[in-house]
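Report on the structure given below.
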Amino acid sequence: MPHWSMSMTVGESNMEHGLSRSSLWKRAIFLQLFFFAMAGLAYVFYRKDIARNPWCLFVAEAWFLYLTLCHVIERYVSLFLPLAPVATRGGLIVVACIGAPPLMVVGVVVIHNGHTAAFIAFGCTLAVALAVLLVVWIRLDRTFRAVDHLPS
Numbered sequence: 001m002p003h004w005s006m007s008m009t010v011g012e013s014n015m016e017h018g019l020s021r022s023s024l025w026k027r028a029i030f031l032q033l034f035f036f037a038m039a040g041l042a043y044v045f046y047r048k049d050i051a052r053n054p055w056c057l058f059v060a061e062a063w064f065l066y067l068t069l070c071h072v073i074e075r076y077v078s079l080f081l082p083l084a085p086v087a088t089r090g091g092l093i094v095v096a097c098i099g100a101p102p103l104m105v106v107g108v109v110v111i112h113n114g115h116t117a118a119f120i121a122f123g124c125t126l127a128v129a130l131a132v133l134l135v136v137w138i139r140l141d142r143t144f145r146a147v148d149h150l151p152s
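Below, the structure written as structure tokens:
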């Protein structure tokens, strides 16, 4: 497990590692493109099931939604919240790594099970997970936003 200094901020960490804003933007864009490519690959595998059950594709793509939102929040912290502790950014990465595999495994089970109630329960669980991530994002923004950069 990486060691994150509680006193180091994201901005200081970016400077220490020589990460410019342009390189942070490149990372943000290319990783999102990777997620979209993986979502397209999931579509290729599950497109035959769409005619039988249109919810299959949603479940197959659901964990990409979770990973994408985690990545967007993590990149937002890197780009726009330089005063946030670096452990916050690392914690978001850990949350993404812990949350996505169970969503993927449960999604595969739900697809192969095929019951409508399972699809609905999975969709509700995903909605709660995404809502929690949005609440975390709002809280991070309100806590660590640089006040001197706000428009007057």
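Mapping the sequence shown onto full-length UniProt numbering, position 101 (from 1) lands on 101, and the numbers just tick up by one.
Each residue gets a CB set at the ideal place from its N, CA and C atoms; glycine is no exception.
Because the structure is a prediction, the values reported are computed rather than measured.
In the structure shown, P85 falls within a strand segment according to DSSP collapsed to helix, strand and coil. Beta-carbon to beta-carbon, V10 and V77 are separated by about 6 Å, close enough to satisfy the 8 Å threshold.
Inclusion of F119 and V59 in the CB contact set at 8 Å is warranted, their separation being smaller than that value. Counting only the Cα atoms, A100 lies some 6 Å from L67. The beta carbons of L65 and L130 sit about 7 Å from each other, so the pair counts as a contact at 8 Å.
Contact check for R145 and L81: beta-carbon distance about 6 Å, within the 8 Å limit, so the pair qualifies. Between the stretch 9-26 and the stretch 81-95, the count of C-beta pairs closer than 8 Å reaches three or more; the two stretches touch.
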